Structures are given as structure tokens and as C-alpha cells.
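The structure under discussion appears below in the form of C-alpha cells.
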Amino acid sequence: MDCSSGSVSNLQRKLYWGYARAAAAIDRMQEEFIVSPMSASGRRDVYPSDIHQLWKDLNAAKAQAVPEWKDYTVESPRTDGRYQIFANGEQFAADWESPYGFSSAEDGAALIQELITHWSVLGGDPVIEAQEPAPLKLGDLVEPIDHRYTLASGCERYPYAYVVNTNPFQLMSEEGDMYWCCTVEAGGYKLIKSNDQLPEAVSLRMIREGLLAPVEAQEQSHENG
Numbered sequence: 010m011d012c013s014s015g016s017v018s019n020l021q022r023k024l025y026w027g028y029a030r031a032a033a034a035i036d037r038m039q040e041e042f043i044v045s046p047m048s049a050s051g052r053r054d055v056y057p058s059d060i061h062q063l064w065k066d067l068n069a070a071k072a073q074a075v076p077e078w079k080d081y082t083v084e085s086p087r088t089d090g091r092y093q094i095f096a097n098g099e100q101f102a103a104d105w106e107s108p109y110g111f112s113s114a115e116d117g118a119a120l121i122q123e124l125i126t127h128w129s130v131l132g133g134d135p136v137i138e139a140q141e142p143a144p145l146k147l148g149d150l151v152e153p154i155d156h157r158y159t160l161a162s163g164c165e166r167y168p169y170a171y172v173v174n175t176n177p178f179q180l181m182s183e184e185g186d187m188y189w190c191c192t193v194e195a196g197g198y199k200l201i202k203s204n205d206q207l208p209e210a211v212s213l214r215m216i217r218e219g220l221l222a223p224v225e226a227q228e229q230s231h232e233n234g
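Using my numbering, read the sequence shown as starting at 10 and increasing by one per residue.
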């Protein structure tokens, strides 16, 4: 914005924005020290560019700040891994293993726990292993994890499909017009939505393919009716 004063109306005129968008932009510019707060006269001044750069530098420094220290006599780490500790007047890295406590990061030797007063995370939070996703089941709507592959022999018109059999793993299009066995196992797909009831077109195709008995389809319809 090439001017000495900043205002909502100025942004509207120069960028052809609506009021709401311009007002939100001015609020953000004030937070980032690009423009000043509004004076009693309703004027906002545009700060020199080095003021905004100083704001960015300060935020970058905050992001790299030393993590909060925790009192070891009150709380210990919940996850095994490497931390930084403060012991006997010194700060250094150490490995935590429950229930044994901290040990040397260099040679694994046990440390005197009574000398440790505080600890904090080192280089980010300890890595927590992700839980295994629940297995896909009948009726789940899925899509390929690797989008270089489509669901039906390279046919791009089927981005999603329903699981209609798990052994062997088989899918059916949302309209019920395409049904196929998968060359990629269930692990190659991710869940979009679990469904208690399949679309009617899918249920009818499953009946024709022998994957669903007519009685089962009627029961499913009554349960969700």
C-alpha cells in the first residue's frame, strides 16, 4: 500500500475489496505493526518497513525460545527419549527411560537422580508412535492414499468407492456401476467416511453380484428407516 496512512476505505479504493475483507486486512496489519492503531481522529499511520521487520524478527526469536523447564521433583517425563536437564549447576542432554530415570546421553551411565532439579524437551517434543488405523470394513467409503493410482484400472471418474467385501478386498463405485477386485490391498486406501447404510444402487448391485442377500438389504433398510 503506497501511502502514508492506512485505512479500510483506502484499501477498498486501491484494491477494490469489500468492506469486510479490507477491515480484516487492516486488523491483521495492525497486529503485524504495518499500520498504527486508529487515533482519535480516525487516522492510521503506516509504519516504516523496518518496524514490521523487527516484529517478524521478534516472532522468529519466540519460536526458537528455550522450552519451559519442569520441576523434576514434581513431574517426570511421560515418554522415553532424549531431554535436556539441569543438574548440579549444569545443563546438558540426557536420556529418560521409565522407570529407571535419566542416564548419560554419551555412554548410557546412570545419573544421580537427586542432583537433577529440572528438565525440558530437547529439539521438540518426544516422538509418540502413531496408533494403527482401524481396519476397513463393509460400507466404508475410501480413496487411494497414493493419488497416482485410481480405483478402477486408471479410470479417473471413480475417485471414491465403497468397500463391499474384505476378503478378498473388493470395491464398488458410488453409483454401483463399477465393481472390481483390488490389486492394492486395504492398506493402500484411507477412510473417508464410515456408513451404516449403503446407497440403494450399491446395495442392488451387491445383491446381483451375490455379495448381499435380499433379506440383509431389507433388514438394513428397516434399521435405518
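Ideal Cβ placement from N, Cα and C applies to all residues, glycine included.
Treat the numbers as computed from the prediction; the structure is a model and nothing was measured.
Going straight from the alpha carbon of residue 184 to that of residue 144, what length do you get? 24 Å
Leaving out five residues before and five after residue 60 in sequence, what residues of the same chain have Cβ atoms less than 7 Å from its Cβ? Taken in chain order, the residues that qualify are 42.
With burial defined as no fewer than 16 other Cβ atoms inside 10 Å of the residue's Cβ, what is the status of residue 214: buried or exposed? buried
Cβ-based neighbour list, residue 45, same chain, cut-off 6 Å, excluding 5 preceding and 5 following: 53 and 54
Are there 16 or more other CB atoms within 10 angstroms of the CB of residue 222, so buried, or fewer, so exposed? exposed
Contained alpha helix (DSSP H) runs [length at least 4] in the region 20-98, N- to C-terminal order: 28-40 and 58-72
Would you kindly report the start and end of the unbroken alpha helix (DSSP H) that includes residue 131? No alpha helix (DSSP H) contains residue 131, which DSSP labels as neither H nor E.
Simplified DSSP state of residue 110, which is helix, strand or coil: In this structure, residue 110 counts as strand in the three-state DSSP scheme.
How about residue 202 and residue 150: are their beta carbons less than 8 Å apart? yes
Report the three-state DSSP secondary structure of residue 124 (helix, strand or coil). helix
Residue 28 and residue 17 - do their beta-carbons sit closer together than 8 Å? yes
Helix, strand or coil: how does DSSP classify residue 209 here? helix
Reduced DSSP category for residue 182 - H, G, I as helix; E, B as strand; rest coil: strand
Since residue 150 sits in a beta bridge, which residues does DSSP pair it with? DSSP output for residue 150 lists 171 and 202 as bridge partner(s).
Cutoff 6 Å; reference residue 124; Cβ partners in own chain excluding five residues on either side: 96 and 97
What is the C-beta distance between residue 154 and residue 198, in whole angstroms, given that I count them as a contact (C-beta under 8 Å)? 6 Å
With the cut-off set at 8 Å, would you say residue 119 and residue 112 are in Cβ contact? yes
Using only the alpha-carbon positions, how far apart do residue 168 and residue 152 sit? Distance between the alpha carbons of residue 168 and residue 152: 6 Å.
Around the C-beta of residue 57, are 16 or more other C-beta atoms found within 10 angstroms, so that it is buried, or is it exposed? exposed
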